[in-house]
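These notes concern the structure reproduced below.
There are 2 protein chains.
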Amino acid sequence: MMISTKGKYALQTMIDLAQQAQMCACEDTECTCVSLKAIAERQNISLKYLESIAALLNRGGLIKSTRGKDGGYRLAKPAEEITVAEVMAITEGSLAPVSCLDTCSDGQCVHADGCLTLPMWQKLDAVIDEFLSGVTIRDILERRI
Amino acid sequence: MMISTKGKYALQTMIDLAQQAQMCACEDTECTCVSLKAIAERQNISLKYLESIAALLNRGGLIKSTRGKDGGYRLAKPAEEITVAEVMAITEGSLAPVSCLDTCSDGQCVHADGCLTLPMWQKLDAVIDEFLSGVTIRDILERRI
DNA sequence: ATAATCCCTATTATTTCAATAGGATTAGTA
DNA sequence: TACTAATCCTATTGAAATAATAGGGATTAT
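Spelled out as structure tokens, the structure:
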């Protein structure tokens, strides 16, 4: 499995936040704050687990938090400017299809020169990244994909 | 990680077999038999682990075995007719990027209808399969990729 | 003050991965 | 026939990653 529940939940969270922001009709950007409790219930995810995922997204700059009562999270930028690739990079780390890809590409693998398979894995990695970089949260939300 | 060492080693093995068959200049198809011991040494893989991987490829119909002394394995069909996708399907099982993909696609997920992300994961899965289905052992061997 | 929320560190249960172990079976060869 | 080198088969294990869980601390609106 390339993408664990962590990345899957993170994406669900981003979509949920985008959805809730959309629903809010008023002009106050602060009122689009959504609590993890609400997301956890809607998406059926453990609240405590979700907290650790939200922390990653927050540190990664994809969401912003408001602490204290009535606090919560909101998207740090418009849904059409956030790609699935960004969300995965922050929560899953590398999406390299094989483990040696990162080190081999860095020239740390002594066999990289003669390795027949490396170029193929690199190409696959590029294909995946290209696809995920082309899909935004907005695309998913509006069922454009 | 999408592809474990099992799939990686399996591909290395297929390439090794193709390479050795190429090297054999005689007409006797049986003489292209390559022992796992030789592959394990060349590819630096544990022999015992390789045995279990070769068993999968054998049952999957990608290689053929000859038992007893001077036995070994050989490709079941020409290298240009074996794709990386086949090798991965046999050794890794599903390459579904997220765990729910297989069950959701089978209509076993009660939420699949309203699931916004399912189409995206399905598309990613298709993109990966399309790429790997387009690469043959021969392509890799001749550095065409 | 209180309650609701985010924030932080540590621990644990489960599963998967990667390999190891120990033989049984088969076939070529002296 | 005995010997050897190979595939074949089942079970076990050690290590790592995954997916939570636990217990609180800090912050803020009311």
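Chains as they are written, first to last, in my numbering: chain A, 1 to 145; chain B, 1001 to 1145. Idealized CB from N, CA, C, for every residue including glycine.
Contact annotation for residue 1097 of chain B against chain A: 2 and 3 [CB-CB distance below 7 angstroms, chain order]. Burial is judged here by how many other beta carbons sit within 10 angstroms of a residue's own beta carbon; residue 61 of chain A has fewer than 16 and is exposed. Taking the CA atoms as reference points, residue 121 of chain A sits about 34 angstroms from residue 1070 of chain B. Assigned with DSSP and collapsed to three states, residue 1071 of chain B falls in coil, not helix or strand. From the beta-carbon of residue 117 of chain A, the residues of chain B found nearer than 8 angstroms are 1008, 1011, 1012, 1015 and 1140. In the DSSP assignment, residue 1003 of chain B is bridged to A:98. For the C-beta of residue 1135 of chain B, the chain A residues within less than 9 angstroms are, from N- to C-terminus, 120, 123 and 124.
For a cut-off of 8 angstroms, the C-beta gap from residue 1117 of chain B to residue 12 of chain A is around 7 angstroms, short enough to register as a contact. Shown here for residue 9 of chain A: same chain residues with a beta carbon closer than 6 angstroms to its own, the five before and five after excluded, namely 45 and 53 in chain order. Beta-carbon to beta-carbon, residue 84 of chain A and residue 50 of chain A are separated by about 18 angstroms, too far to satisfy the 8 angstroms threshold. When 9 angstroms is used as the limit between beta carbons, residue 1128 of chain B is near these residues of chain A: 2, 97, 124, 127, 128 and 131, in chain order. Pairing residue 1079 of chain B with residue 1137 of chain B gives a Cβ-Cβ distance under 9 angstroms.
For residue 1104 of chain B, not one C-beta of chain A is nearer than 9 angstroms to its own C-beta. Taking each of A:67, A:59, A:15 and A:66 in turn and checking the Cα distance to residue 43 of chain A, the smallest one comes out for A:15.
Taken atom to atom, the span from the alpha-carbon of residue 1110 of chain B to that of residue 113 of chain A is near 49 angstroms. In the three-state reduction of the DSSP assignment, residue 1034 of chain B falls in the strand class, which pools E and B. Residue state for residue 1046 of chain B is assigned as coil, using DSSP reduced to three classes. In the structure shown, residue 145 of chain A adopts coil according to DSSP, grouped into three states. At a cut-off of 9 angstroms, the C-beta of residue 1109 of chain B has no neighbouring C-beta in chain A.
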